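*Asks:*
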Amino acid sequence: MSSKTIVLDHDRVQRKITRIVHQLHEEYHLEESIILVGVAPRGHTLAKRLQGALEQNTGLRAELVELELDKDRPLERPAKLSVDAKVLRDRVVVLVDDVLMSGRTLMHAASFLVQVPLKKLTTVVLVDRRHRAYPIRADIVGLTLSTTVQEHISVEFGKKDTVYLA
Numbered sequence: 162m163s164s165k166t167i168v169l170d171h172d173r174v175q176r177k178i179t180r181i182v183h184q185l186h187e188e189y190h191l192e193e194s195i196i197l198v199g200v201a202p203r204g205h206t207l208a209k210r211l212q213g214a215l216e217q218n219t220g221l222r223a224e225l226v227e228l229e230l231d232k233d234r235p236l237e238r239p240a241k242l243s244v245d246a247k248v249l250r251d252r253v254v255v256l257v258d259d260v261l262m263s264g265r266t267l268m269h270a271a272s273f274l275v276q277v278p279l280k281k282l283t284t285v286v287l288v289d290r291r292h293r294a295y296p297i298r299a300d301i302v303g304l305t306l307s308t309t310v311q312e313h314i315s316v317e318f319g320k321k322d323t324v325y326l327a
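The sequence shown begins at 162 in our numbering and counts up one residue at a time.
(1) On the CB-based measure, 16 or more other CB atoms within 10 Å of its CB, does Leu197 come out buried or exposed?
(2) How about Ile195 and Gly303: do their beta carbons lie closer than 9 Å?
(3) For a minimum of 4 consecutive residues, which ranges assigned as the alpha helix (DSSP H) are wholly contained in the region 191-275?
(4) Looking at C-alpha atoms only, which residue of Arg203, Thr266, Thr309, Tyr325 is the closest neighbour of Arg298?
(5) If we ignore side chains and look at the alpha-carbon of each, how far apart do Leu242 and Arg173 end up?
(6) Looking at C-alpha atoms only, which residue of Ile167, Lys209, Gln175, Arg252 is the closest neighbour of Arg192?
(7) With contact counted as at least three CB pairs below 8 Å, one residue from each stretch, are the region 230-244 and the region 315-323 in contact?
(8) Comparing alpha-carbon positions, which option in Val275, Met262, Arg238 lies nearest Val255?
(9) So the candidates are Gly220, Glu312, Ala271, Glu187; which of them puts its Cα closest to the Cα of Ala291?
(10) Measure how close the beta-carbons of Leu261 and Val226 come, nearest whole angstrom, since I'm counting them as under 8 Å.
(11) Tell me, which residues are paired with Glu317 by DSSP?
(12) Taking its Cβ as the centre, do 16 or more other Cβ atoms sit within 10 Å of Ile181, making it buried, or is it exposed?
(13) Kindly indicate which residue of Tyr295, Arg203, Ala246, Asp300 has the alpha-carbon position closest to the one of Glu188.
Okay, structure coming up:
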C-alpha cells in the first residue's frame with residue numbers, strides 16, 4: 162500500500178500562486194493584457210487561479226485559454242486550443258501546467274503555441290521535478306522538488322488545494 166505525503170498544503174499552494182502572480186506582474190506590468198494558456202486539466206485549473214489572483218491583486222488583465230493535448234501520446238493526437246490560434250498572434254502568452262518532470266508535455270505544448278508568431282512565451286509550473294528528457298525549462302516555478310523517477314507528484318485542486326508525493 163503506497164502512502165501519500167503532503168508536499169504543499171492548501172495555504173502553501175496559495176502562497177506559491179501569490180508569488181507566481183507577483184513574478185508575472187513584475188514581468189508584464191506594462192502590458193495591456195496577457196494570455197494564460199493552461200494545459201488541461203490541472204494546468205488550466207492553475208491558470209484559472211492565476212487569472213483571478215492577477216486581476217484581483219494587480220489589475221493586470223489576463224485572458225484564459227485551455228490547451229488540450231494527449232500527454233501520453235502528444236504526436237498521435239493534435240493539440241486543441243479553446244480559442245482560434247490567431248488570438249495569440251503578437252501577444253504575451255504564459256503557458257501553465259501543474260507539474261514539470263521530463264518536459265515532454267511542456268515541450269509539445271510550447272511547440273504547438275509557437276506556430277503562431279507570439280510577442281513572448283513564458284512557461285509557469287507549480288512543481289518542477291527536474292527530471293529533464295527534453296530541452297525546456299519553466300521560467301517561473303512555485304516549488305522545485307528533488308524526487309526519484311519512481312515517485313509521483315499529484316496535484317489536487319478543489320476546496321483545499323494540495324500537492325502530494327506518492
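Ideal Cβ positions, reconstructed from N, Cα and C, are used throughout, including at glycine.
Keep in mind it's a predicted model, so treat the numbers as computed, not measured.
*Replies:* So, to answer that:
(1) Reading the sequence shown from its first residue, position 36 is the one you call residue 197. Its Cβ being crowded by 16 or more others within 10 Å, Leu197 is buried.
(2) For the purposes of this step, residue 195 is taken as residue 34 along the sequence shown, with counting starting at 1. For the purposes of this step, residue 303 is taken as residue 142 along the sequence shown, with counting starting at 1. For Ile195 and Gly303, no; Cβs fall outside 9 Å.
(3) Contiguous alpha helix (DSSP H) elements confined to the region 191-275 occur at 203-218, 265-274, taking only those with 4 or more residues.
(4) Your numbering for residue 298 matches position 137 in the sequence shown. Nearest option by C-alpha distance: Thr266.
(5) Reading the sequence shown from its first residue, position 81 is the one you call residue 242. Reading the sequence shown from its first residue, position 12 is the one you call residue 173. For Leu242 and Arg173, the distance between alpha carbons rounds to 30 Å.
(6) Residue mapping note: residue 192 aligns to position 31 of the sequence shown, counting from 1. This sequence places Glu at residue 192; Arg is not what is there. Residue Arg252 is the option with its Cα nearest to Glu192.
(7) At 8 Å Cβ cutoff, the stretches do not touch.
(8) Translated into positions along the sequence shown, residue 255 becomes position 94. The option with the nearest alpha carbon to Val255 is Val275.
(9) The residue you call residue 291 lines up with position 130 of the sequence shown. Note that residue 291 corresponds to Arg in the displayed sequence, not to Ala. Taking only the C-alpha atoms, the option nearest Arg291 is Glu312.
(10) In the sequence shown, the residue the question calls residue 261 occupies position 100. In the sequence shown, the residue the question calls residue 226 occupies position 65. Not confirmed; about 19 Å, so no contact.
(11) In the sequence shown, residue 317 corresponds to position 156, counting from 1. Under DSSP, Glu317 forms a beta bridge with Thr323.
(12) Start at 1 with the first residue of the sequence shown, and residue 181 comes out as number 20. The residue in question, Ile181, is buried, as its Cβ has 16 or more Cβ neighbours within 10 Å.
(13) Within the sequence shown, numbered from 1, the residue matching residue 188 stands at position 27. When C-alpha distances from Glu188 are compared across Tyr295, Arg203, Ala246, Asp300, the shortest belongs to Asp300.
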